[in-house]
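UniProt numbering numbers the first residue of the sequence shown as 1 and each following residue consecutively.
The beta carbon of each residue, even a glycine, is placed where N, CA and C say it ideally should be.
Notes follow the structure.
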Amino acid sequence: MMQGLSVLFGRIQQARRWFSLFSPSISSRPSSPNTGETAAEMSGSLVGDGYTLARFGENFDIANAEETAQILMQTYGKASGSSYNTGLSVNRRSIEGSKFFDSSAGNPPAFPIHFHNEMAYSPRFPRYISFLMIDPAESGGCTTVTDNMKVESLLSESLKAKLRTLGVQYVRNLDDEADASSPEFFNSWQRCFSPSPDTPFDTLLHEKNGLHRNYCVLPYSERNRKRVQEITWAPAFHQHPRLGPVLFNSIMTRHGSWLDGHPVFDSFPLKERPYHSRWGDGTDFSDTEYEEISNAYKDATLNFSLQRGDLIVLDNLRMSHGRTPYTGSRRRLGVMVSDLVSWQGTEGGYPPLPSEVGRLFDEYRNNQRAPV
């Protein structure tokens with residue numbers, strides 16, 4: 001461990017000529033760079049505070065930013081970021097041939113991205129995540145961050161107990177690519193699953209439904225449109241390697257209320273919108289429950305108005321992130337993830353389902369129809 005840290009600190013010392021780094025404590029907002037911080041303090045803030053923020057300036061070199069992010073994420077020389085598009089979510093494009101991907105895919109600028117831990121719905125997820133501001137928005141577009149340990153401390157014991165017992169269902173409603181011209185179109189199962197052109201649809205569903213016991217892809221028809229509903233169960237807590245059990249989820253960013261006010265989806269029931277999250281037993285969060293979760297994240301929020309050349313690195317197993325709405329079309333924020341890790345006690349899969357939830361998923365598959 002100490003030898004690995006020595007190598008890391010040595011690489012960071014070499015990178016110091018490229019940038020000035022500052023990493024305030026969670027209890028304070030950054031105001032100016034601290035150029036006197038040692039390499040140990042730089043990495044230490046990522047460990048102690050859960051994040052580190054660096055400034056390269058407007059004339060930054062993306063290759064230097066990429067290497068620095070990899071150093072801080074302890075993935076230097078590895079293919080970090082190469083697995084980002086395998087997380088059962090949207091596909092993102094590389095920026096300027098780097099290992100940073102375009103974070104804007106699938107996220108309308110007029111709507112916020114609510115707090116989430118990256119890929120918390122997946123069997124594997126990144127240990128760290130980095131964001132590099134390449135082109136700021138005309139207005140808005142702040143990067144928001146929360147410490148999940150703080151969020152957890154603000155939740156009632158009864159709600160935390162329910163989260164531990166039931167976990168969370170994450171739902172995606174996917175259209176057929178043939179409906180791409182419809183105003184109700186958001187994403188297609190073809191884009192998400194990238195099937196071979198000659199793969200029969202039923203074969204695709206069979207293959208997907210065999211991945212994990214707590215994952216199913218079911219056909220259904222709604223509003224005279226053929227769609228696919230993807231349902232995934234995941235715990236709401238995970239075992240942080242240093243901090244013990246920590247809140248870890250994507251409840252808010254996947255909740256259907258994300259699209260409240262949307263010109264098309266606002267009229268849809270929550271469960272029929274492109275994304276939705278609910279209790280692990282398939283019941284919706286009550287208004288009171290969701291409000292409590294939302295308020296806890298709001299009360300723990302840090303806002304970062306990232307400027308061109310700013311890099312922020314997060315401990316994804318501890319820190320949630322999001323984004324405020326913005327105007328203008330030129331905002332580009334690069335995202336890069338570290339190596340992926342698994343839920344503790346598993347080898348690339350999900351932890352065992354609670355018995356009640358397991359029976360529910362078996363029922364989903366037996367009926368071969370989405371429960372909408």
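Distance between residue j and residue i (C-alpha atoms, nearest Å)
i: phenylalanine 185; j: valine 228; result: 13 Å
i: isoleucine 113; j: proline 325; result: 8 Å
i: serine 98; j: alanine 65; result: 10 Å
i: glycine 322; j: threonine 253; result: 8 Å
i: proline 219; j: lysine 226; result: 7 Å
i: glycine 349; j: lysine 208; result: 14 Å
i: leucine 46; j: alanine 110; result: 31 Å
i: threonine 346; j: histidine 238; result: 12 Å
i: glycine 280; j: aspartate 266; result: 24 Å
i: leucine 205; j: valine 217; result: 6 Å
i: proline 263; j: glycine 48; result: 43 Å
i: histidine 212; j: valine 341; result: 17 Å
i: proline 24; j: proline 195; result: Note that proline 24 has pLDDT 33, beneath the 50 cutoff, so the model's placement of it is unreliable and the number below is only indicative. In a straight line, the C-alpha of proline 24 is about 45 Å away from that of proline 195.
i: phenylalanine 125; j: glycine 261; result: 31 Å
i: tyrosine 297; j: asparagine 117; result: 12 Å
i: glutamate 138; j: phenylalanine 60; result: 20 Å
i: aspartate 299; j: asparagine 249; result: 17 Å
i: methionine 133; j: valine 145; result: 15 Å
i: asparagine 214; j: isoleucine 231; result: 8 Å
i: tryptophan 258; j: phenylalanine 268; result: 12 Å
i: methionine 119; j: leucine 247; result: 14 Å
i: methionine 149; j: proline 108; result: 29 Å
i: proline 183; j: serine 104; result: 20 Å
i: tyrosine 76; j: arginine 242; result: 22 Å
i: threonine 288; j: serine 43; result: 39 Å
i: tryptophan 343; j: alanine 236; result: 11 Å
i: isoleucine 71; j: glycine 334; result: 17 Å
i: proline 197; j: threonine 203; result: 12 Å
i: valine 151; j: threonine 283; result: 23 Å
Range of the contiguous beta strand (DSSP E) that encloses residue i
i: aspartate 147; result: 143 to 147
i: tryptophan 279; result: 275 to 279
i: leucine 314; result: 310 to 315
i: methionine 319; result: 319 to 323
i: isoleucine 251; result: Unbroken run through isoleucine 251 is the alpha helix (DSSP H), 251 to 254; no beta strand (DSSP E).
i: glycine 97; result: Unbroken run through glycine 97: none, as it is neither H nor E.
i: arginine 242; result: Premise fails: arginine 242 is in no beta strand (DSSP E) and is neither H nor E.
i: valine 264; result: Here valine 264 belongs to no beta strand (DSSP E), and DSSP marks it neither H nor E.
i: residue 401; result: Since the first residue shown for the chain is 1 and the last is 372, residue 401 is missing from the structure and cannot be characterised.
i: arginine 332; result: 332 to 337
i: histidine 116; result: 113 to 116
i: leucine 270; result: Looking at the DSSP string, leucine 270 is not in any beta strand (DSSP E), and its letter there is neither H nor E.
i: leucine 340; result: 340 to 342
Cut-off 6 Å between Cβ atoms - residues of its own chain near residue i, not counting five sequence neighbours on either side
i: tryptophan 189; result: Leu174 and Val228
i: glycine 256; result: Leu270, Arg273 and His276
i: isoleucine 62; result: Glu96 and Ser98
i: proline 354; result: none
i: methionine 336; result: Ala69, Gly81, Lys99, Phe100 and Ser130
i: threonine 165; result: none
i: glycine 36; result: Any answer about glycine 36 is weak, because its pLDDT of 41 lies below 50 and its placement is not dependable; what the coordinates show is given next. If we look at glycine 36 and ignore the five residues flanking it on each side, it has no Cβ neighbours.
i: phenylalanine 115; result: Thr146, Met252, Tyr297, Ser320 and Gly322
i: tyrosine 170; result: Tyr121, Thr232, Arg254 and Ser277
Boundaries of the alpha helix (DSSP H) in which residue i is found, first to last residue
i: threonine 68; result: 62 to 72
i: aspartate 299; result: 287 to 299
i: threonine 203; result: 201 to 209
i: alanine 161; result: 157 to 166
i: methionine 133; result: Element bounds for methionine 133: not the alpha helix (DSSP H) but the beta strand (DSSP E), 128 to 135.
i: valine 357; result: 355 to 367
i: glutamine 190; result: 189 to 193
Integer Cβ distance of residue i from residue j, believed to fall under 8 Å
i: alanine 234; j: glycine 167; result: 6 Å
i: cysteine 142; j: serine 305; result: 5 Å
i: leucine 302; j: histidine 240; result: With 8 Å as the limit, leucine 302 and histidine 240 do not qualify as a contact, their Cβ atoms being about 19 Å apart.
Beta-carbon contacts of residue i that lie in its chain and below 7 Å, excluding the five residues immediately before and after
i: methionine 73; result: Ser80, Tyr128, Ser130, Val313 and Ser338
i: phenylalanine 285; result: Arg278 and Trp279
i: glycine 140; result: Thr324, Pro325, Tyr326 and Thr327
i: glycine 57; result: Gly309
i: glutamate 363; result: none
i: proline 352; result: none
i: aspartate 135; result: Arg308, Arg330, Arg331 and Arg332
i: glycine 244; result: none
i: arginine 365; result: Asn209 and Cys216
Residues of its chain near residue i, where Cβ-Cβ distance is below 8 Å and the 5 sequence neighbours each way are ignored
i: aspartate 315; result: Leu46, Val47, Gly50, Tyr51, Arg127 and Tyr128
Cβ-heavy atom distance, residue i to the ligand COA, below 8 Å
i: leucine 259; result: The ligand content of the structure shown is nil, which means the ligand COA is not present either.
> Is it true that the segment 52 to 66 meets the segment 309 to 318, where meeting means three or more beta-carbon pairs spaced less than 8 Å apart?
Replying inline: Here the segment 52 to 66 lies against the segment 309 to 318, with 3 or more beta-carbon pairs under 8 Å apart.
> Does the count of Cβ pairs from the segment 147 to 161 and the segment 291 to 298 closer than 8 Å reach three?
Replying inline: The segment 147 to 161 vs the segment 291 to 298: in contact.
> For the segment 353 to 365 against the segment 177 to 184, are there 3 or more C-beta pairs whose distance is under 8 Å?
Replying inline: Counting Cβ pairs under 8 Å, fewer than three are found: no touch.
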